[in-house]
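Shown next, in structure tokens, is the structure this report addresses.
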Amino acid sequence: MPRPITALCLFVASTGVLAAPLSGERQAQLRSLLYQDCGSCHGMRLTGGLGPALTPDALAGKSRELLLATVRDGRAGTPMPPWKKLLSEADIEWLVDYLMQPGATR
Amino acid sequence: MKRWLPALLILFGTLASAAALRGTGDMGVVIERASGQVLIVEHSNDSELAEVDGLGDLSHASVVFSRDERYAYVFGRDGGLSKIDLLNAKLDKRILQSGNSIGGAISQDGRLVAVSNYTPGGVRIFDADTLAPVADIPAEYAPGKRSKVVGLVDAPGNRFVFSLYDADQIWVADLGDPEKPVVTRFKGIGRAPYDALITPDGRYYVAGLFGEDSMALLDLWHPERGVRRILRGYLAHDERLPVYKMPHLEGWALAGRFAFVPAVGQHQVLVIDTENWKQVDAIEVHGQPVFVMARPDGRQVWVNFAHPDNDTVQVIDAESHRIVKTLKPGPAVLHMEFTPRGEKLWLSVRDADRLQVYDTATLKRLKELPAKKPSGIFFTDRAHRIGL
Chain W
1 MPRPITALCL FVASTGVLAA PLSGERQAQL RSLLYQDCGS CHGMRLTGGL
51 GPALTPDALA GKSRELLLAT VRDGRAGTPM PPWKKLLSEA DIEWLVDYLM
101 QPGATR
Chain G
107 MKRWLPALLI LFGTLASAAA LRGTGDMGVV IERASGQVLI VEHSNDSELA
157 EVDGLGDLSH ASVVFSRDER YAYVFGRDGG LSKIDLLNAK LDKRILQSGN
207 SIGGAISQDG RLVAVSNYTP GGVRIFDADT LAPVADIPAE YAPGKRSKVV
257 GLVDAPGNRF VFSLYDADQI WVADLGDPEK PVVTRFKGIG RAPYDALITP
307 DGRYYVAGLF GEDSMALLDL WHPERGVRRI LRGYLAHDER LPVYKMPHLE
357 GWALAGRFAF VPAVGQHQVL VIDTENWKQV DAIEVHGQPV FVMARPDGRQ
407 VWVNFAHPDN DTVQVIDAES HRIVKTLKPG PAVLHMEFTP RGEKLWLSVR
457 DADRLQVYDT ATLKRLKELP AKKPSGIFFT DRAHRIGL
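These protein sequence lines are chains W and G, in that order. When the letters of the first sequence are read in order and numbered with our numbering, they come out as residues 1 to 106. When the letters of the second sequence are read in order and numbered with our numbering, they come out as residues 107 to 494.
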């Protein structure tokens with residue numbers, strides 16, 4: 001059974017670097033940012049617009065690292081801007097985890 | 107006597123409603139984006155009259171009006187096309203016409219409503235009375251490939267003009283025979299058109315480009331001359347800044363012969379001389395402009411901004427290009443609308459759940475009204491303006 005254990009270790013390694021947990025207030029701000037402001041391109045229900053859908057289904061198969069990098073640095077050649085000047089690394093991790101967690105979108 | 111009773115009741119009912127007769131020329135609707143509702147408002151006394159429910163996902167919703175200014179057509183993100191009766195304050199008809207839509211337009215003759223869709227990419231045309239489907243124009247630019255459609259406007263000659271975001275094209279659809287649209291395609295117009303507008307006379311269609319620092323211009327009087335690029339290289343000496351919300355090109359901020367448009371990736375409003383389509387100025391402003399709107403008399407230009415500067419609105423004097431006022435209406439100012447002759451401006455402050463009314467002469471706030479996460483504000487005088 002070596003393979004699942006390796007996978008598990010990788011999973012722990014990739015999620016084990018979480019910064020200090022965000023305050024409830026900050027989480028509420030980020031949730032509002034996500035639906036209202038990210039929503040101006042991705043749709044208020046994250047079902048897509050000029051930008052792609054961000055529902056758990058749409059994100060299935062995409063790595064957390066890729067999503068973190070996309071939010072942090074944007075995507076060249078597309079309208080997706082880099083958010084690192086406006087959001088902390090902890091903010092970005094919270095947003096990506098929130099997106100990937102099934103049932104997080106309305 | 108008994109047999110007259112129903113007739114009397116009908117007569118009474120008629121008289122009662124006669125007492126409430128009103129025009130719709132001072133009315134409008136405000137999108138309450140998060141709750142799928144619209145407010146029906148009036149701007150003679152700046153008040154809210156009613157609220158209509160059940161409009162679905164209204165992120166990025168926009169509105170056009172029937173030519174009698176009685177009905178509002180609301181285009182929702184979820185592909186919903188809703189027709190609202192302003193006088194009876196109720197939903198008259200509603201259809202789900204696609205998976206994901208972005209906006210719409212009404213034809214010159216008022217008989218057709220067109221919707222631009224992201225999924226499936228294309229334009230669908232409906233009967234303005236019944237919302238029955240009339241025609242479908244898939245934005246298929248290569249076999250099996252369909253583009254998101256943006257910047258849909260009406261043009262004289264019962265035409266609709268729109269841009270293909272994924273295919274760098276502008277299409278003109280002639281609805282002379284509504285069931286058989288004749289489409290003229292202009293290719294290679296510039297990278298990633300994100301929105302467009304048409305001049306108030308219906309002659310020039312201008313698409314903003316996200317993929318390059320220029321705009322694409324089509325003279326609808328002379329389509330045979332093709333699309334040409336204007337403002338080429340307006341970022342030539344500057345680094346492009348992140349754009350946290352796409353600018354909108356709506357209406358045409360025109361003051362005399364000069365047009366005011368948002369730069370993309372610069373905190374500037376660009377001024378274009380429409381005689382030769384050359385840039386004559388770049389006005390430094392507070393953030394990435396989203397809406398750049400001229401007061402109907404062309405004397406002032408009001409600008410709002412993308413996140414994170416969206417708590418601010420600036421007023422530019424159209425003659426001197428100077429910023430005459432910086433207002434702080436509150437968190438997330440999403441849209442602005444002038445009254446038909448421009449003495450007042452309404453704006454929506456999403457995160458304060460407020461609408462605000464300003465006197466455009468004194469630049470003072472006159473009134474605040476409650477609204478749930480308000481976004482677009484649309485007054486009925488748009489019914490009689492080309493491209494709105």
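We put the CB at the ideal spot given by N, CA and C, even for glycine.
At a cut-off of 3 residues, the continuous stretches assigned as beta strand (DSSP E) that sit fully inside the segment 148-202 of chain G are 153-158, 168-171, 177-181, 186-191, 196-202. Residue burial annotation: residue 66 of chain W is exposed, with fewer than 16 other C-beta atoms found within 10 angstroms of its C-beta. In the three-state reduction of the DSSP assignment, residue 73 of chain W falls in the helix class, which pools H, G and I. Interface with chain G (9 Å Cβ-Cβ cutoff): residue 27 of chain W is excluded.
With fewer than 16 other beta carbons inside 10 angstroms of its own, residue 425 of chain G counts as exposed. Across the segment 258-290 of chain G, CB contacts with chain W closer than 8 Å involve 271, in sequence order along the chain. Closest option to residue 327 of chain G, judged by alpha-carbon separation, among G/338, G/339, G/207, G/310: G/310. Ranked by Cα distance from residue 455 of chain G, the options G/240, G/136, G/132, G/405 are led by G/136. The C-beta of residue 56 of chain W comes no closer than 9 Å to any C-beta of chain G. If you draw a straight line from the Cα of residue 229 of chain G to the Cα of residue 244 of chain G, it is about 6 Å long. Interface annotation for the segment 162-178 of chain G against chain W: 163, 164, 165, 166, criterion Cβ-Cβ distance under 9 Å. Rounded to whole angstroms, residue 493 of chain G and residue 169 of chain G show a C-alpha spacing of 12 Å. Against chain W, the CB of residue 235 of chain G has no partner CB under 9 Å away; the residue lies outside that interface. Under the 10 Å beta carbon count, residue 167 of chain G is surrounded by 16 or more other beta carbons and is classified as buried. Taken through DSSP and simplified to helix, strand or coil, residue 399 of chain G comes out as strand.
The CB of residue 47 of chain W comes closer than 7 Å to the CB of 206 in chain G, given here in chain order. Separation of residue 147 of chain G and residue 420 of chain G (C-alpha to C-alpha, rounded to the nearest whole angstrom) is 25 Å. With respect to the 9 Å criterion, residue 252 of chain G and residue 234 of chain G are not classified as neighbours on the basis of their beta carbons. Burial check for residue 202 of chain G: the Cβ neighbour count within 10 Å stays below 16, so the residue is exposed. Excluding sequence positions up to five before and after residue 259 of chain G, its CB lies within less than 6 Å of the CB of 211, 267, 304, 493, all in the same chain and listed in chain order. As the crow flies, the alpha-carbon of residue 150 of chain G is around 8 Å from that of residue 133 of chain G. With contact defined as three or more Cβ pairs closer than 8 Å, the segment 474-485 of chain G and the segment 276-294 of chain G are not in contact. Residues of the segment 411-445 of chain G with a Cβ closer than 8 Å to any Cβ of chain W, in chain order: 413, 414, 438.
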